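In this note's numbering, the protein residues as written are 295 to 711.
Note that beta-carbon positions come from the ideal geometry of N, C-alpha and C, so glycine has one too.
Nothing here was measured: the structure is a model prediction, and the numbers come from that model.
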């Protein structure tokens with residue numbers, strides 16, 4: 295038709311990797327990695343490590359609703375599947391699934407509502423404290439090396455804060471986390487007669503509810519006083535393991551949240567927690583345990599291109615293999631993030647995590663974890679990046695021959711916004 299211009303627009307990456315359908319942004323993504331693992335069965339040095347090459351493919355898709363509308367509020371949903379193939383030890387091949395949900399709603403001057411859920415379905419080897427009696431079989435036997443255990447995990451957190459005045463507010467928060475293992479033997483214990491006795495881990499679920507009051511004590515720092523009450527629920531996966539008691543926990547804490555200096559921001563929390571175990575007809579439970587609790591999450595910008603993040607937690611919980619006794623847990627994580635160059639495309643990270651679990655039992659059991667990693671990543675653009683990473687993991691216990699360490703080198707490529 296005369297006078298009408300016909301134009302053709304080239305296909306842009308966002309047309310494929312971030313298409314918009316009505317108010318929803320669709321975000322497909324995929325990552326591929328190749329790693330060398332020097333201890334795929336998590337064996338001790340005495341048992342002899344077995345190494346392998348592992349290929350991991352993780353496709354997924356995300357949906358985001360409400361970007362830059364409704365006061366910049368959003369709802370997000372993402373599903374990711376991870377498929378792992380081992381070059382030589384095919385019995386370890388597995389697939390894992392993760393579903394995440396997030397919501398943020400801010401009504402300026404009135405209230406904020408935030409929350410998220412993570413649901414995972416994994417089929418992997420038992421690790422760390424899960425392996426309490428795992429290596430009590432004949433050293434290196436297949437039964438003690440290659441049992442993949444299915445487990446579901448849930449982690450849900452929601453918080454509603456209502457503004458009373460420019461300096462005061464009240465809030466309510468709820469959180470739920472649970473580990474649900476398959477109803478089958480998870481490991482075996484071999485007695486003096488050579489009989490294999492099946493054992494299983496327990497399912498543990500924690501539901502915690504908190505209410506609090508906030509006061510804007512300083513221009514950039516807000517203080518909170520809070521009280522919480524929760525329950526820990528236990529389920530048995532093997533009838534021969536018997537029942538274990540549920541427990542109630544409660545307490546309070548005060549916290550400071552905000553910008554503490556030009557370079558330091560985060561939150562610090564201090565309080566006390568008590569736990570009371572139910573008493574069952576079989577005699578289990580009935581005890582109590584109390585301890586101070588402390589939590590700090592801080593970010594320090596040591597330069598315009600570098601940040602140090604620190605997380606420290608001291609608190610109480612119960613274990614998945616002996617949930618009728620309390621556990622004191624200390625967890626500390628340090629992460630250094632450094633941008634390299636002037637383009638912002640090259641980034642280096644260095645991290646370490648240390649965890650100490652002290653059991654309130656007669657044998658004074660202690661488990662220690664150390665995880666260290668270093669890596670570099672390069673972003674070719676907003677939707678394509680590559681990474682090279684080294685990881686070291688160590689688990690140490692003062693009871694049983696379950697200690698191990700792992701070295702891993704991984705090269706990865708990611709596509710997606």
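In the displayed model, residue 667 falls within a strand according to three-state DSSP. Counting along the chain, residue 311 sits inside no beta strand (DSSP E); it lies in the alpha helix (DSSP H) bounded by residues 307-311. Sequence-distant partners of residue 566 (beyond 5 residues in either direction) whose C-beta falls short of 8 Å from its own C-beta, in its chain, are 545, 546, 547, 584, 585, 586, 587. In the DSSP secondary-structure assignment, residue 599 is not bridged to any residue. Beta-bridge partners assigned by DSSP to residue 681: 671, 706. Each of 496, 556, 499, 529 was checked against the Cα of residue 513, and the nearest Cα belongs to 556. When secondary structure is reduced to three states using DSSP, residue 532 falls in the coil class, being assigned neither helix nor strand. When only Cα atoms are considered, residue 504 and residue 651 end up about 25 Å apart. Between the segment 375-383 and the segment 404-412, the count of C-beta pairs closer than 8 Å stays below three; the two stretches do not touch. Three or more beta-carbon pairs separated by less than 8 Å link the segment 640-658 to the segment 610-627, which places the two stretches in contact. Of the candidates 387, 677, 661, 591, 591 places its Cα closest to the Cα of residue 564. Under the DSSP assignment, residue 396 falls in the beta strand (DSSP E) whose first and last residues are 388-401. Note on geometry: alpha-carbon atoms of residue 637 and residue 482 lie some 55 Å from one another.
Ranked by Cα distance from residue 541, the first of 461, 324, 610 is 610. Ranked by Cα distance from residue 394, the first of 411, 537, 604 is 411. The beta carbons of residue 554 and residue 605 sit no closer together than 8 Å. When only Cα atoms are considered, residue 326 and residue 543 end up about 43 Å apart.
Assigned with DSSP and collapsed to three states, residue 699 falls in strand. Just measuring C-alpha positions, the residue of 570, 307, 324 sitting nearest residue 526 is 570. In the three-state DSSP reduction, residue 333 falls in the coil class, being neither helix nor strand.
Residue environment: residue 539 is assigned as buried (16 or more neighbouring CB atoms within 10 Å of its CB, all protein chains considered). A straight line joining the alpha-carbon of residue 704 with that of residue 685 spans about 8 Å.
In this structure, the CA atom of residue 318 is about 52 Å from the CA atom of residue 581. With fewer than 16 other beta carbons inside 10 angstroms of its own, residue 486 counts as exposed. Between residue 473 and residue 614 a beta carbon distance of about 6 Å is seen, short of the 8 Å cut, so the two are scored as contacting. Separation of residue 523 and residue 308 (C-alpha to C-alpha, rounded to the nearest whole angstrom) is 46 Å. Distance from residue 369 to residue 320 at the Cβ level is roughly 14 Å; contact not present, criterion being Cβ atoms closer than 8 Å. Contact annotation: residue 701 and residue 332 have beta-carbon atoms nearer than 8 Å. A direct Cα-to-Cα measurement between residue 340 and residue 688 gives close to 15 Å. Nearest to residue 466 by alpha-carbon distance, out of 707, 520, 388, is 520. If you compare the alpha carbons of 578, 672, 660 with that of residue 690, the shortest gap goes to 660. DSSP, reduced to helix, strand and coil, places residue 384 within a helical segment of the structure shown. Around the C-beta of residue 682, fewer than 16 other C-beta atoms lie within 10 Å, and the residue is accordingly described as exposed. In the DSSP assignment, residue 503 falls within the unbroken beta strand (DSSP E) covering 497-509.
Contact annotation, residue 443 with residue 469: C-beta distance approximately 25 Å; criterion of less than 8 Å not satisfied. For residue 632 and residue 602, the gap between their C-alpha atoms comes out near 9 Å.
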